[in-house]
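Trainee:
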Amino acid sequence: MVRIGAFLVGLFFAGWLLISFLVGAVAYVTEPPQPTVEHEFHKAPKHVSFSFDGPLGKYDQAQLQRGFQVFKEVCSACHSLHYVAFRDLKGIGYNEAEIKAIAKQWAIKTPDVDPKTGEMSTRDPVPADYFPKPFANNVAAAAANNNAIPPDLSLMTKARHHGSAYVYSLLTGFQSQPAELLKKFPDAKTPEGLHYNPYFANLNLAMAPPLTADGQVTYGDGTRSSVDQMSKDVAAFLTWTAEPKLENRRRAGLATIIFLLIATGLAYMSYQNIWADKKKKA
Amino acid sequence: MSFPWAEHYTPKHPAMQWIDEKLPLPRLVYNAVGAGYPVPRNLNYFWNFGVLAGLALVIQIVTGVVMAMHYGANTLVAFSTVEQTMRDVNAGWLMRYAHANGASFFFIVVYLHIFRGLYFGSYKAPREMVWLLGLVIFLLMMATAFMGYVLPWGQMSYWGAKVITGLFGAIPVVGEPIQTWLLGGFAPGNASLNRFFSLHFLLPFVIAAVVILHIWALHIPGSSNPTGVEVKGPQDTVPFHPYYTAKDGFGAGVFLILFAILLFFVPNFLGHPDNYIEANPLSTPAHIVPEWYFWPFYAILRAFTVDFFFVPAKLLGVLAMFASILLLFFLPWLDTSPVRSGNYRPTFKKFFWILVLDVVVLGYCGGAPAEEPYVMISQVAAAYYFAHFLIVLPLISRFEKPLPLPNSITEAVLNRYNIQGEQDALPGMGSDPQPSNAG
Numbered sequence: 001m002v003r004i005g006a007f008l009v010g011l012f013f014a015g016w017l018l019i020s021f022l023v024g025a026v027a028y029v030t031e032p033p034q035p036t037v038e039h040e041f042h043k044a045p046k047h048v049s050f051s052f053d054g055p056l057g058k059y060d061q062a063q064l065q066r067g068f069q070v071f072k073e074v075c076s077a078c079h080s081l082h083y084v085a086f087r088d089l090k091g092i093g094y095n096e097a098e099i100k101a102i103a104k105q106w107a108i109k110t111p112d113v114d115p116k117t118g119e120m121s122t123r124d125p126v127p128a129d130y131f132p133k134p135f136a137n138n139v140a141a142a143a144a145n146n147n148a149i150p151p152d153l154s155l156m157t158k159a160r161h162h163g164s165a166y167v168y169s170l171l172t173g174f175q176s177q178p179a180e181l182l183k184k185f186p187d188a189k190t191p192e193g194l195h196y197n198p199y200f201a202n203l204n205l206a207m208a209p210p211l212t213a214d215g216q217v218t219y220g221d222g223t224r225s226s227v228d229q230m231s232k233d234v235a236a237f238l239t240w241t242a243e244p245k246l247e248n249r250r251r252a253g254l255a256t257i258i259f260l261l262i263a264t265g266l267a268y269m270s271y272q273n274i275w276a277d278k279k280k281k282a
Numbered sequence: 283m284s285f286p287w288a289e290h291y292t293p294k295h296p297a298m299q300w301i302d303e304k305l306p307l308p309r310l311v312y313n314a315v316g317a318g319y320p321v322p323r324n325l326n327y328f329w330n331f332g333v334l335a336g337l338a339l340v341i342q343i344v345t346g347v348v349m350a351m352h353y354g355a356n357t358l359v360a361f362s363t364v365e366q367t368m369r370d371v372n373a374g375w376l377m378r379y380a381h382a383n384g385a386s387f388f389f390i391v392v393y394l395h396i397f398r399g400l401y402f403g404s405y406k407a408p409r410e411m412v413w414l415l416g417l418v419i420f421l422l423m424m425a426t427a428f429m430g431y432v433l434p435w436g437q438m439s440y441w442g443a444k445v446i447t448g449l450f451g452a453i454p455v456v457g458e459p460i461q462t463w464l465l466g467g468f469a470p471g472n473a474s475l476n477r478f479f480s481l482h483f484l485l486p487f488v489i490a491a492v493v494i495l496h497i498w499a500l501h502i503p504g505s506s507n508p509t510g511v512e513v514k515g516p517q518d519t520v521p522f523h524p525y526y527t528a529k530d531g532f533g534a535g536v537f538l539i540l541f542a543i544l545l546f547f548v549p550n551f552l553g554h555p556d557n558y559i560e561a562n563p564l565s566t567p568a569h570i571v572p573e574w575y576f577w578p579f580y581a582i583l584r585a586f587t588v589d590f591f592f593v594p595a596k597l598l599g600v601l602a603m604f605a606s607i608l609l610l611f612f613l614p615w616l617d618t619s620p621v622r623s624g625n626y627r628p629t630f631k632k633f634f635w636i637l638v639l640d641v642v643v644l645g646y647c648g649g650a651p652a653e654e655p656y657v658m659i660s661q662v663a664a665a666y667y668f669a670h671f672l673i674v675l676p677l678i679s680r681f682e683k684p685l686p687l688p689n690s691i692t693e694a695v696l697n698r699y700n701i702q703g704e705q706d707a708l709p710g711m712g713s714d715p716q717p718s719n720a721g
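Each protein sequence line maps, in turn, to chains A and V. When we follow this note's numbering, the leftmost residue of the first sequence carries the number 1, and every step to the right adds one. When we follow this note's numbering, the leftmost residue of the second sequence carries the number 283, and every step to the right adds one.
#1: Measuring CA to CA, which of G599(V), I678(V), L538(V) is closest to A664(V)?
#2: Hey, P508(V) and F402(V): beta-carbon distance below 8 Å or not?
#3: Could you tell me the alpha carbon to alpha carbon distance between Y59(A) and G253(A), rounded to whole angstroms?
#4: Given this structure, state the Cα-to-Cα distance separating G533(V) from F522(V), to the nearest angstrom.
#5: For P125(A), would you say it is in contact with chain V, using Cβ-to-Cβ distances shorter than 8 Å as the test?
#6: Got a sec: which bits of the stretch 661-682 of chain V sit with their beta carbon under 8 Å from any beta carbon on chain A, in order along the chain?
#7: What does DSSP give as the partner residues of F590(V) in its beta bridges?
#8: Taking three-plus beta-carbon pairs below 8 Å as touching, is the stretch 491-505 of chain V in contact with the stretch 600-618 of chain V?
#9: Assign V344(V) to one of three DSSP states: helix, strand, or coil.
#10: Going by alpha carbons, who is nearest to I99(A) out of A242(A), F68(A), V23(A), P134(A)?
#11: Tell me which residues share the same chain as H162(A) and place their Cβ nearer than 6 Å to its Cβ, disregarding the 5 neighbours each side in the sequence.
#12: Whole-angstrom Cβ separation of Y518(V) and P322(V), contact assumed at under 8 Å?
#13: Give me, in chain order, the residues of the same chain whose beta-carbon lies closer than 6 Å to that of S713(V); leave out the 5 immediate sequence neighbours on both sides.
#14: In three-state terms, what does DSSP make of P717(V)?
#15: Within the stretch 606-642 of chain V, note down every full beta strand (DSSP E) run reaching 3 residues or more, in order along the chain.
#16: Check the DSSP bridge columns for Y196(A) and list the partner residues they point to.
#17: Could you give the residue range of the beta strand (DSSP E) that holds V2(A)?
#18: List the residues of chain V whose Cβ lies closer than 7 Å to the Cβ of H161(A), in chain order.
#19: Which class does E560(V) belong to by DSSP, given the choice of helix, strand or coil?
#20: Taking three-plus beta-carbon pairs below 8 Å as touching, is the stretch 6-15 of chain A in contact with the stretch 120-132 of chain A?
#21: Could you confirm whether any beta carbon from chain A is found closer than 8 Å to the beta carbon of V315(V)?
#22: Going by C-alpha to C-alpha distance, which of A213(A), Y268(A), T241(A), R3(A) sits closest to V536(V)?
#23: Shorter than 8 Å from the beta carbon of K278(A) to some beta carbon of chain V?
#24: Taking C-beta pairs closer than 9 Å, name the residues in chain A that T357(V) reaches, listed in chain order.
#25: Spatial neighbours of Y196(A) within its chain, please: C-beta separation below 8 Å, excluding the five flanking residues on both sides.
#26: Please tell me whether V511(V) and I678(V) are closer than 8 Å, where the distance is taken between their beta carbons.
#27: Taking buried to mean at least 16 other C-beta atoms within 10 Å of its own C-beta, is D640(V) buried or exposed?
#28: Kindly list the residues whose CB is nearer than 6 Å to the CB of P244(A), restricted to its own chain and excluding five residues on each side of it in sequence; keep chain order.
#29: Restricting to Cα atoms, I'd like to know which of W463(V), P684(V), W635(V) is closest to R270(V).
#30: For I502(V), count neighbouring Cβ atoms within 10 angstroms of its own Cβ and tell me buried if that reaches 16, exposed if not.
#31: What distance in whole Å lies between the Cβ atoms of Q63(A) and G93(A), which are believed to be in contact at a cut-off of 8 Å?
#32: For the stretch 22-33 of chain A, enumerate the residues whose C-beta is nearer than 8 Å to any C-beta of chain V, in chain order.
#33: Quick check: what's the CA-CA separation for G471(V) versus F634(V)?
#34: Measuring only between beta-carbons, confirm whether A267(A) sits less than 8 Å from chain V.
#35: Using DSSP's beta-bridge definition, name the partner residues of V321(V).
#36: Leaving aside the five residues before and after A208(A) along the sequence, list all residues of the same chain whose C-beta is less than 7 Å from its C-beta, in chain order.
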């Protein structure tokens with residue numbers, strides 16, 4: 001009885017799936033799916049190497065500080081860094097006095113409440129504060145940015161495939177639309193107010209190229225600030241904001257694995273030892 | 283416990299004698315996972331995965347309880363409390379990554395455990411109850427994992443919750459009220475998050491309870507083994523401790539090394555980047571995909587693209603997805619071959635490996651976007667999945683001619699090690715002709 005029922009159920013599901021397959025296959029042959037413009041022109045991130053690549057790579061603190069400078073002078077005008085606090089900057093090599101000064105001089109102030117009147121007010125950030133948001137709310141952010149809300153950057157490099165390379169590619173990838181694209185997809189012209197970038201998922205983004213000229217940021221350590229260098233530095237900085245514990249994690253991992261290799265080796269020997277009398281060969 | 287020659291617990295230390303008199307817990311442990319449980323001497327490494335699944339459950343409970351101490355089950359703060367755990371809690375990143383990757387490892391070992399059972403016929407009499415309870419554990423795991431994935435309240439959390447509860451919405455007439463009732467609203471929201479957190483905390487302990495039943499049911503007939511031939515006497519078994527505790531200790535070490543490599547060096551490899559974006563009901567991700575361990579079932583769900591008369595394709599997909607797991611409950615009665623082990627079933631063995639390949643293909647298609655050719659591939663693969671269990675397996679059991687079985691476990695072991703002397707010395711060897719080993 002069970003087997004007859006099972007046979008019928010199996011016949012139904014398998015049969016209907018094969019019919020669905022045939023229907024789909026006929027449609028696939030008669031009306032092959034049209035390639036989309038994203039399919040044809042979207043590019044995977046460029047290959048770029050960072051000091052933190054590989055299983056034991058470490059952050060380059062000078063680079064993180066340069067990237068922070070780019071964030072401070074360029075990105076922070078529109079993008080928040082909501083999950084990072086000023087105190088966290090210790091992790092990229094600033095000391096307490098420097099962090100205090102950075103917080104105090106930060107262009108965007110921290111929202112607060114006037115202790116006497118209860119009115120909304122602002123104050124200078126302190127090291128314990130998170131980076132203040134550039135816009136009061138999403139409506140204000142959208143209104144100021146051609147109806148697009150600039151995303152928070154704290155986790156950006158983990159929120160995209162190959163995030164560090166993605167940020168670098170996006171920042172260096174702005175270009176005019178290829179003629180070939182317009183020839184093939186005449187309707188896909190970049191709309192007014194958007195900017196063509198083949199590294200962006202749907203090819204057109206609201207953000208105007210933020211890093212446009214060499215020397216836009218003047219690095220304190222004398223590194224030449226080409227667009228390429230600035231893009232790389234800020235990509236490294238955003239990798240750190242997304243994964244500030246990366247070096248601790250890799251260090252702990254190395255120690256754990258060495259310990260486990262020894263422990264597993266001993267476990268294997270005791271296993272062989274215990275089983276010796278059951279496995280002896282003739 | 284299960285065999286008359288099992289060693290008896292005789293506490294030596296007076297303190298243990300005192301405890302054992304008042305509460306025979308030491309005796310219970312001794313008989314369950316100590317020297318008092320005789321186990322076939324020929325188990326291969328595939329028999330490690332039960333213990334490893336238990337280890338994975340313990341890792342999940344320990345890391346999960348710590349995570350819960352820092353988590354806020356409210357849509358306004360859920361995402362940021364998880365981020366704060368990663369950044370500001372001592373070793374919070376370790377707990378979070380261990381919990382997220384621990385779920386994947388739990389499924390890896392459980393899938394290997396299930397396929398071991400499928401190949402070696404562990405579901406056959408007299409171990410049907412072990413198999414059924416194992417499937418209950420599997421279903422509970424899936425529910426727990428699904429709800430756990432919603433808790434960080436990222437984009438995939440939100441949209442995954444929406445899609446999965448939407449499955450119930452496909453049921454005619456009562457579907458939508460059920461979906462609303464499950465979510466506590468018309469879309470995933472604070473009410474959903476709170477109940478998912480509550481259940482996500484509860485279910486692992488339910489799993490632990492069913493694991494106890496699973497082991498209890500196992501210990502009545504005793505463990506199966508790679509030959510599928512039943513234990514015939516003391517020469518066929520070794521005490522669980524120290525023989526299998528030592529072997530499982532080694533297995534646990536290998537498991538932990540692989541776990542540590544993923545956890546410490548590529549902790550986001552198995553996750554989806556979209557879940558690092560906070561949930562946004564107004565922005566649908568380009569491709570909504572569940573975690574990898576649900577991909578084969580997701581592929582079956584999406585394989586139905588044509589309505590069956592008045593039954594919409596979506597409902598068919600939902601029914602098929604549930605059926606793909608529920609049919610496993612009938613397996614002990616679908617596979618009627620008296621031979622358990624795939625090693626002695628030449629036809630079964632070939633189809634088993636086709637099934638393994640088929641499930642891998644289904645998994646690949648389930649993780650891919652719902653585009654051609656993936657849909658067509660998953661249709662063929664899903665058709666084979668159902669045909670394998672419901673049509674092919676019962677037919678094989680009827681027509682297949684199995685290879686000759688060894689007379690006993692000891693004979694199989696001695697042949698493998700080519701030990702002549704001991705074999706002659708053993709009493710009763712080869713005395714019973716071709717045994718029917720299906721219990």
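We put the CB at the ideal spot given by N, CA and C, even for glycine. What you are looking at is a predicted structure, and each value in this text was computed from that prediction instead of being measured.
Mentor: In brief:
#1: G599(V)
#2: yes
#3: 16 Å
#4: 15 Å
#5: no
#6: Q661, V662, A664, A665, Y666, F668, A669, F671, L672, I673, P676
#7: V593(V)
#8: no
#9: helix
#10: F68(A)
#11: P45
#12: Checking the sequence, you will find Asp at residue 518(V) rather than Tyr. Right, their Cβ atoms sit about 6 Å apart.
#13: Because the pLDDT at S713(V) is just 40, under 50, the model does not fix this residue reliably, and the point stays unresolved.
#14: In this prediction, P717(V) has a pLDDT of 42, which is less than 50 and means its spatial position is unreliable; nothing more can be read from the coordinates.
#15: none
#16: N204(A)
#17: That residue, V2(A), is in no beta strand (DSSP E); its alpha helix (DSSP H) goes 2-30.
#18: P555
#19: strand
#20: no
#21: no
#22: Y268(A)
#23: yes
#24: By Cβ distance, chain A contributes nothing, its closest Cβ being about 16 Å from T357(V), past 9 Å.
#25: F174, Q175, S176, Q177, T190, L203, N204
#26: no
#27: buried
#28: G91
#29: There is simply no residue 270(V) to check, as chain V begins at 283 and stops at 721 in what is shown.
#30: exposed
#31: Rounded, the Cβ-Cβ distance is 11 Å, inconsistent with contact.
#32: V23, G24, A25, Y28, P33
#33: 43 Å
#34: yes
#35: V520(V)
#36: H195
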